[in-house]
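J.: Note that the numbering used here has the sequence shown beginning at 2, numbered continuously upward. Attaching a single structure in structure tokens format; questions to follow.
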Amino acid sequence: MTPDPDIDSPQVGQEPARRSGSILLVLLVAGSIVAAAVAFMTLGSTNAQPYILALLASLAMVGLFTLFAFAAGIVRFADRTIDDPLMRPIADHAFDGIAVTDSGGHVIYANSAYLALTGATSMQDVRPVERVFIGNPDVSEAVFRLLKAAREGKRQQEEVRVAAADGTNGRWLRLRVRRLAQAKRYSRYAVWSIADITRDRERQEDVFQELRHAIEYLDHAPCGFFSVNQSGDLVYVNATLANWLDHDLAEVGSGGLKLADIVSGDGASLLTSIIAAPGEVRTEVFDIDLRMRNGKTMPARLYHKLAFGADGVPGPSRTLVISRARDERVDPQRAAEVRFMRFFDNTPMAIATVDKSGAVGRANARFAKLAQSLSPDGAVAKSILAAVKERDRGQLSAAIHAAADGQGDIPPVEVMLEGARERWGQFFVTAVEDDRDAEAAIVYMLETTERRTLESQINQSQKMESVGQLAGGIAHDFNNVLSAIMMANDFLLNAHKPTDPSFQDIMQIKQNANRAAALVRQLLAFSRRQTLQPKVLDLGDTLSDIGMLLKRLIGEKVTFPGVVHGRDLWPVKADVSQFEQVIVNLVVNARDAMPNGGKLAIRTANVAAAEVAAFGHKGMPAADYVLVEIGDTGTGIPPEIVDKIFEPFFSTKEVGKGTGLGLSTVYGIVKQTGGFIYVDSKAGEGTTFRIFLPRHHPEAEAPPASSGVIGAAKEPSPAAKPVNTDLTGQGTILLVEDEEGLRSLNARGLRSRGYSVIEASNGIEALEALDENGAVDLVVSDVVMPEMDGPTLLRKMRVRNPNLRIIFVSGYAEEAFDKSLPENEQFAFLAKPFALSALIAKVKETMTAS
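Structure representation (structure tokens):
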């Protein structure tokens, strides 16, 4: 332990005495204690006891006073780092000036470099930093900030320029200040350092001047230069290139100018498609067109240098640009080369030369763009076979080998391209007319995705239209058969009492005929020839009304939280009963797709015209729609049958568990309403049906005409009529029907009610009968007939008798022929098949109408 000197009163420049321990003193004290112990042993325990107690008491007193002195700070344990002989010389002989000041700003230590930098001649006239530069306006603000940092115990650095007294450039100084140490006892001391950085500043200015001169030389060079980073942003463009392209240099480096802005067509893909090994430096030469700000193009040759890092990521490029615009006017050979390269890179067809294995040698800009879109890893840029799905690569490889063998007239190869979505391409392969093994063939490729999609849509549309026409024709003919069956069945029911043994058989015939009529209505729905009664609907209310029904249909295994309604749904115009049938059919299909349970989701939303493209559904024009989306988490629909689900009689269910008309009915109802339906399904993940119904605009709806269809198109409900309604009547009825059996049954039924009936098998006979019997009160006519159809017959009859009443009967909807009638024409309509009671009721209603 050594006494603690007063740290506040060292003399500047004096070296304090070294405090060090003495091993001899330690050995002397230890020897004395050992000698005393030996002496006490010779005296004996009885005689030595007082001396031993005295010695121990003395040692205890020394130890006690030492502890008090240590606690009071009078003595302390020596710090070996302070006694280190290296510490003081390091500070004394440092290159930078160092000074330590106390809380009052007095210098308590300064090294020789500080004296030299501050102009002090000895330790007695040393001054603190603020007094050294007092009165210097260029330094005063910096010193003020340093003093503030010193008071707050912070680190601060400032660089100042001190002018020389003789008016020369002066010098640059770096001033720093910090706390002496973090310990509390040292917190009032600050360490100042001063360094002369004049030479460093001069070197920096020299480098800056050289850089400025280099940039100036580069900017005014007779060729262009630019640098582009990995993101496609131009980080540098020299003034020459900017002048050629009529761009402002201020746009460069601010994110306002990209490579695609100055390169015409697909040329940018050539520059961004370079593939190299990690750490490699590649230089490629490209002849492309640059695009000026006004849209014009300029031919140029690019020397594009690109360095790749150790991770394979390319750094900013260094690209030299030589204008070839003058070559077109000066050198005919170079002009031809420029024209060829323009043609080669700007053609809409991807072109590449390949060897026998398919490795790409040279390629144009369109091929580079195609390669980037098919494989970002650059596989297509290396081998053209990588652009094709693995299953089709053999076809393209065979064509390339045929070209390598010199074969001509190789048929085009149309195959599926690589990628997440379905894309198609057509490859044309021709032989190279030289003996170089590096190039075996030239391959031209056109992407045919849009063409195939359009062809598929047209084929699907034509197929659905043909099937619809077939289904409609079958339904019409079948309706005639059903009408005859139902009419004859009514006669049998009238002739037999309920107690008759045959009555139940007759009722069974009637029920089966009604079931057959329901199937026919589904066929008509698919062919969009059924009768609809559209009205303005709020789909949210309509779906809420059938919510309980849907929950009962799906059962307990399927989770259905309810319909998620969109806000402020637009109105639509549809037949409410038919729309409910659409929802029920889709929900039942979703339930059947989740035999082990799952989740059903139904939601509605408005889809504005600007949002239609986001769905990616082709064939749907941009307009305002109301969307109804029905999704499930079921088994999904396999891709190979998803295009067939709307076809009639197509079903994946077991025999006897479905007619195959459910989705075809949905398709027909949606289409007849003017909407669109699309399906999105993944096997094992679920299916989502999206129905888009056009928004109804009330202001665009035409006011109802004063005349038109008289009466409803469907059979009146027996429950809605009084039991004892009088359906008898008088008058002459002209019955026009080409089906002889059906005509006879209809005539028989009408005669049984008191009417006089004139029969005709077609329109020509009907006109002749009308001329012979002018007193005809009512015409009941089929719509589709040979030689003359119903609308034509109506027009000719109106010439003879403008007030003649007419009822059209048809297996088609009235909209199927309404457009062929004169405007504001009045007629009644009855849809086939119908019962005898429906025909008599319609005749009675029309005869008694005013």
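The C-beta atom is built at its ideal place from N, Cα and C for all residues, glycine as well.
(1) Go to Glu-211, then tell me how far its alpha helix (DSSP H) extends in each direction, as first and last residue.
(2) Compare the Cα-Cα distances from Arg-553 to each of Pro-535, Arg-592, Ala-517 and report the closest residue.
(3) According to DSSP, is Lys-619 part of a helix, a strand, or is it coil?
(4) Out of Pro-639, Tyr-668, Gly-280, state which residue places its alpha-carbon closest to the alpha-carbon of Asp-681.
(5) Roughly how many angstroms separate the alpha carbons of Thr-47 and Ala-31, rounded to a whole number?
(6) Shortest alpha-carbon distance to Val-608 belongs to which of Ala-623, Lys-619, Ser-113, Met-595?
(7) How is Ile-603 classed by DSSP in three states: helix, strand or coil?
(8) Extract the residue ranges of the alpha helix (DSSP H) inside the segment 244–297, only unbroken runs of 4 or more that lie entirely within it.
(9) With hydrogens ignored, establish whether the beta-carbon of Ala-836 is closer than 7 Å to any heavy atom of the ligand FAD.
(10) Which residue spans inside the segment 38–116 form an unbroken alpha helix (DSSP H) run of at least 4?
(11) Could you say if the segment 267–285 and the segment 377–384 meet the contact criterion of at least three C-beta pairs nearer than 8 Å?
(12) Can you tell me which of Asn-112, Ser-324, Ala-485 puts its alpha carbon nearest to the alpha carbon of Gln-125?
(13) With H, G and I counted as helix, E and B as strand and the rest as coil, what does DSSP make of Ser-318?
(14) Would DSSP call Tyr-445 helix, strand or coil?
(15) How many Å lie between Phe-561 and Asn-481 at the Cα?
(16) Below 8 Å on the Cβ atoms is my contact criterion, and I expect Tyr-626 with Arg-568 to pass it. Report the Cβ-Cβ distance as a whole number of Å.
(17) Look at the alpha carbon of Ala-215 and the alpha carbon of Phe-309, and state the distance between them as a whole number of angstroms.
(18) Does DSSP put Met-786 in a helix, a strand or coil?
(19) If you follow the beta strand (DSSP E) that Ser-228 is in, where does it begin and where does it stop?
(20) Give the secondary structure of Pro-138 by DSSP, where H, G and I count as helix, E and B as strand, and everything else as coil.
(21) Count the other C-beta atoms from every protein chain shown that fall within 10 angstroms of the C-beta of Thr-67, then say buried if there are 16 or more, exposed otherwise.
(22) Cβ atoms of Leu-483 and Pro-787: under 8 Å apart, would you say?
(23) Tell me the rounded alpha-carbon separation between Ala-850 and Lys-843.
(24) For Arg-132, which of helix, strand or coil comes out of DSSP?
(25) Would you kindly report the start and end of the unbroken beta strand (DSSP E) that includes Val-585?
(26) Closest to Glu-740 by CA distance: which of Lys-536, Leu-728, Thr-733, Gly-764 is it?
(27) Measure the CB-CB distance between Ile-841 and Val-781 and report whether it falls below 8 Å.
(28) Can you tell which of Pro-572, Pro-502, Val-583, Ala-517 has its C-alpha closest to the C-alpha of Ile-547?
(29) Let me know if Gly-775 comes out buried or exposed under the rule of 16 or more other beta-carbons within 10 Å of its beta-carbon.
(30) Roughly how many angstroms lie between the CA atoms of Ala-369 and Ala-326, to the nearest whole one?
(31) List the endpoints of the continuous beta strand (DSSP E) containing Arg-691.
(32) Kindly indicate which residue of Val-629, Glu-612, Phe-580, Asn-597 has the alpha-carbon position closest to the one of Ile-603.
(33) Under the three-state reduction of DSSP, which class applies to Glu-741: helix, strand or coil?
(34) Once you ignore the five residues that flank Leu-493 on each side, which residues in its own chain have a CB closer than 7 Å to its CB?
(35) Please classify Glu-391 as buried or exposed, where buried requires at least 16 neighbouring CB atoms within 10 angstroms.
(36) Taking the alpha carbon of Glu-557 as the reference point, which residue from Met-595, Ser-358, Ala-610, Ser-545 has its own alpha carbon closest?
T.: Straight from the coordinates:
(1) 199–220
(2) Arg-592
(3) coil
(4) Pro-639
(5) 25 Å
(6) Ala-623
(7) strand
(8) 260–263, 268–273
(9) Among the ligands in the structure shown, none appear at all, so the ligand FAD cannot be discussed.
(10) 46–73, 88–93
(11) yes
(12) Asn-112
(13) coil
(14) strand
(15) 43 Å
(16) Not a contact, Cβ separation roughly 15 Å.
(17) 25 Å
(18) coil
(19) 225–229
(20) helix
(21) exposed
(22) no
(23) 11 Å
(24) helix
(25) Segment 577–593 is the alpha helix (DSSP H) holding Val-585; no beta strand (DSSP E) there.
(26) Gly-764
(27) no
(28) Val-583
(29) exposed
(30) 24 Å
(31) 687–695
(32) Val-629
(33) helix
(34) Ile-507
(35) exposed
(36) Met-595
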